[in-house]
Amino acid sequence: MADDDAGRRVIDGVPGLHWGRSGDTTFCGALEAAISVTAHPFEYTTLMGVTGLAFRTRWYERPGVRWCPSAPVGEFRDECEAATRATGWRLRCEWEPLERLARDLARNIDAGLPALAYDDQLNVAAVCGYEDGGATALMKSYSHGDE
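Taking this note's numbering, the leading residue of the sequence shown gets -8, the next gets one more, and so forth.
Right, dumping it as structure tokens:
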């Protein structure tokens, strides 16, 4: 864990997330990244299977488009509960702004446990640190790769 005098804490080793390399389902990709730095990691393909996301397709059709980008979305209560049952990781499914969850996220980071949250493009990201005593979440996201 890296700390500095500016109130920044970051869990070391959480990998970046990348389209085409980290899987197309951001929930499973971010979850794999988050738990990869723990004593009980799980691979993306295993997470896709145990949540049932590997077997789901959503069809969408409008002129010129036959694929809905929300097809691989998997961060709802059913998928979180399935991942919890299979992995033992307790996943809370909260629909609150990050500001309301800042204290809980900071506690997770302080305990060395990354969390999941939406990034600015509404993809699931791995929260791996914070600044300003928890007021700003630092995350690895598909939108920003290794940043």
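All C-beta atoms, glycine included, are put in the ideal place defined by N, C-alpha and C.
query	result
Spatial distance of Glu72 from Pro32 (CA atoms)	17 Å
Met39 in three-state terms, based on DSSP	helix
Residue from Arg81, Leu107, Val41 whose Cα sits closest to the Cα of Ala93	Leu107
Thr42, buried or exposed, once every other Cβ within 10 Å from all chains shown has been counted against 16	buried
Segment contact flag, the stretch 119 to 138 with the stretch 9 to 27, C-beta cutoff 8 Å, min 3 pairs	yes
As assigned by DSSP and simplified to three states, the class of Leu8	coil
Of the residues Leu38, Asp3, Gly(-2), the one placed nearest Asp211, counting alpha carbons only	Nothing about residue 211 can be read from this structure; the chain reaches only from -8 to 138.
Spatially closest choice to Phe67 from Glu85, Ala77, Gly79, Pro54, by CA coordinates	Glu85
Strand pairing of Gly14, partner residues [DSSP]	Partner(s): none; Gly14 has no beta bridge.
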